[in-house]
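So the structure is just underneath, and the comments pick up after that.
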Amino acid sequence: MESHWGLSHLTSILNITGGSLKLQYSAAFSSLRYLSTTKLRSSLSLSLCCKQQVRHLLPRIISEMKPTNHVYPILVFLPLIIFLPPFVLSQNSTPTRCPLDFSIAKPYVSAAASSPPSDLCGFSLQILHLVESHYLLTSNLFVPPSSSASSCWSDLSSLLSPFSISLPSSCNLSVPSISLPCMNLTSRAAFTALLPSHALTDLNSSCDRPLSSSSSCTSCTTTINRVKASYLVGPDVSNATDCSDYPFIYAAAAANRFGPSDSSTAYCLFLLQISSPSSSSGGGSALPAGIAAAAAALIAIVAFVAWYFIRRRRRRRRKRWSQTPARSDPLIGSSTTLIKFSFEEIRTATRNFSRENMIGRGGYGNVYKGVLKDGSEVAVKRFKNCSAAGDASFVHELEVISSVRHVNLVGLRGYCTATTSMEGHQRIIVCDLIANGSLHDHLFGSGVKKLSWPARQKIAVGTARGLAYLHCGMSHVSTRVAGTLGYVAPEYALFGQLTEKSDVFSYGVVMLELLSGKKAFRTSEDGQNWLVTDWAWSLVREGRALDVIEEGMEELGPNEALERYVLVAVLCSHPQLHARPTMDQVLKILDSDLTVPPIPDRPISIIANKEEIEKSMSSSSSGQLFSPPGYNQYIQNMDGTPHQGSEVL
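Quick note on our numbering: the sequence shown kicks off at 3 and runs consecutively.
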């Protein structure tokens, strides 16, 4: 700008009196000398247009000037200005314009007007991270280029002009620190390549929701901190945006569907809050507005208190009428949270066990959807062929189950044991209803959209976590055979041998159903029985593990991950007990890139015909896992009817 001013000054002097060059040589020389000083050469911002103007004016200056002592200095300086190469004039031009859009952060600045000075540095960096998240959303880059560092600091300082803070020095940062990346991660692609697929899936699913509630915000930030601790372990090099900030910036820009411009996202991930409009209004309307707000708040508090006590009184009255506390039942301890429902209440909730309310059926009983009088939806399982003699054991098992709490386990509400003249003895359990339906509905239901790979992966890992939690410190004590053919382990079905590895077998079968979309047990048209475990093993043995994956599955992951899940499922469903891993080992393999152990060869299938079993027993020791009596006794109950207290010998 200074060079342009000098040129304008010279031009105005040359154009006085209608173009006549009645120059005061001292003024002309002063202008030309100003253009050629070291101050001009230090800025070097004379444009090509300006140089052309000087070239045009030079003949007039020389032709109309009288020889004086000032002519020769002018003639010396003018060529110096005119013929400076363009690259010299522009080599130290002003810094590159900052690509960060700080305008999106303006609503958050006024909210920090009352912040103490000690918090301004942290607030400034959070503003920067919010703007960088918007930059990542629009350009797929985390930090601006180094050539724009000073411009970006200047723009941020302008935004924070209401505060007496000098950036970046007030935060003990250098000018280039705003453009220094963490672990050389400058782009979104580099960040996603650093994280394993399962970690990236967890991050996206945990944060892809409205973050206005505390539960959703906590879930998102917990996943972010886990990713940060596991994968972003770069050294602290005093960057304005360090490694711990990267997952928050990515989550706001790429994982959350609402983006960094959403106020709830900004508050959850960057602790930035938009001030209310009244905080910036004029002082004349502040008092009436404050009085109105106080009156409204008082009315709201009174209304809430009245509503609370009325609701509390109605709830107590409803509980006294419809529910009997479980502690009044002599069969259960006083410390339980279970509720003993009356049979009439269960009948009303399920509309007299209507077929329209039935959501599941099995060999032991049917499951119904119910609505209690308080409006809550529950799942009601009504057992078949019960007698009062087993109530004590039944209630004791419920007490143990209700004491278990885990995010992957359905909560148990209560139970009902009663004898009626028409239906006989009733034994019912009441659980929380999972409104989205069962896994069976999503895998085999008609007209249901197929589950994507990230959803199936999350189900597999969540189920593994739940089983590993249940196995911790627990031991099986029952030897009574129960379950459905295809899901129970062979040693349990044939010999009544029940261990933690029996649950691992069942988990492997369910996991194969989840991956292949095929049911665990089927009977073909020619009467041949078919197990998904045998089918999957035959493909794995031929090196075709990926053929197990259901066709048409959306959002498929890497082939390595798909194959690892198939191998884990086949290993868990191995007929031989010693070949199966524990649930802790399964969880570690699924949560990391650990190699799946070799899968031992399998003995003959449990559903092979009797001749094949006897032939295998006579020719190979591997067939000794099974016995014809045990096999026959179990295969006769393929319809799922229970063995009333019988044990397999």
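Each residue gets a CB set at the ideal place from its N, CA and C atoms; glycine is no exception.
Backbone CA spacing between residue i and residue j [nearest angstrom]
| i | j | result |
| --- | --- | --- |
| residue 185 | residue 245 | 8 Å |
| residue 230 | residue 165 | 32 Å |
| residue 495 | residue 578 | 13 Å |
| residue 352 | residue 312 | 28 Å |
| residue 443 | residue 562 | 28 Å |
| residue 1 | residue 218 | Only positions 3 to 651 of the chain appear in this structure, which leaves residue 1 out of reach. |
| residue 147 | residue 181 | 6 Å |
| residue 416 | residue 457 | 30 Å |
| residue 339 | residue 203 | 36 Å |
| residue 123 | residue 172 | 7 Å |
| residue 436 | residue 489 | 22 Å |
| residue 472 | residue 511 | 18 Å |
| residue 455 | residue 555 | 7 Å |
| residue 191 | residue 252 | 11 Å |
| residue 587 | residue 162 | 53 Å |
| residue 544 | residue 574 | 18 Å |
| residue 463 | residue 452 | 18 Å |
| residue 160 | residue 134 | 17 Å |
| residue 2 | residue 349 | One cannot answer for residue 2 here, as it falls past the ends of the chain, which runs 3 to 651. |
| residue 387 | residue 423 | 15 Å |
| residue 445 | residue 112 | 52 Å |
| residue 519 | residue 447 | 11 Å |
| residue 513 | residue 256 | 30 Å |
| residue 576 | residue 582 | 6 Å |
| residue 223 | residue 273 | 12 Å |
| residue 648 | residue 499 | Unreliable positioning characterises residue 648 in this predicted model, as indicated by a pLDDT of 34, which lies under 50. A coordinate reading is not provided. |
| residue 142 | residue 516 | 35 Å |
Where the alpha helix (DSSP H) through residue i begins and ends
| i | result |
| --- | --- |
| residue 381 | Segment 379-385 is the beta strand (DSSP E) holding residue 381; no alpha helix (DSSP H) there. |
| residue 586 | 585-593 |
| residue 265 | 265-272 |
| residue 574 | 561-574 |
| residue 110 | 108-111 |
Per-residue DSSP class, three states only, for residue i
| i | result |
| --- | --- |
| residue 278 | Low confidence applies to residue 278: its pLDDT is 46, below 50, so where it sits in the model is not reliable enough to give any reading. |
| residue 149 | helix |
| residue 551 | coil |
| residue 388 | coil |
| residue 143 | strand |
| residue 521 | coil |
| residue 355 | coil |
| residue 362 | strand |
| residue 293 | helix |
| residue 301 | helix |
| residue 341 | strand |
| residue 499 | coil |
| residue 129 | helix |
| residue 376 | coil |
| residue 167 | coil |
| residue 540 | helix |
| residue 581 | helix |
| residue 470 | helix |
| residue 261 | coil |
| residue 175 | coil |
| residue 491 | coil |
| residue 545 | coil |
| residue 103 | coil |
| residue 465 | helix |
| residue 508 | helix |
| residue 604 | coil |
| residue 528 | coil |
Opening and closing residue of the beta strand (DSSP E) in which residue i lies
| i | result |
| --- | --- |
| residue 372 | 367-373 |
| residue 652 | Coverage of the chain is limited to positions 3 through 651, which leaves residue 652 absent and any answer about it impossible. |
Chain C within 7 Å of residue i, Cβ atoms only
| i | result |
| --- | --- |
| residue 395 | Absent from the structure is chain C; it holds one protein chain and no more. |
Every unbroken beta strand (DSSP E) within the region 381-460, with a cutoff of 3 residues, ordered by chain: Runs of the beta strand (DSSP E) inside the region 381-460: 414-422 and 426-434.
Going along the chain, which unbroken runs of the alpha helix (DSSP H) with 4 or more residues stay wholly within the region 177-259? You should have 190-196, 199-209, 216-233 and 248-252.
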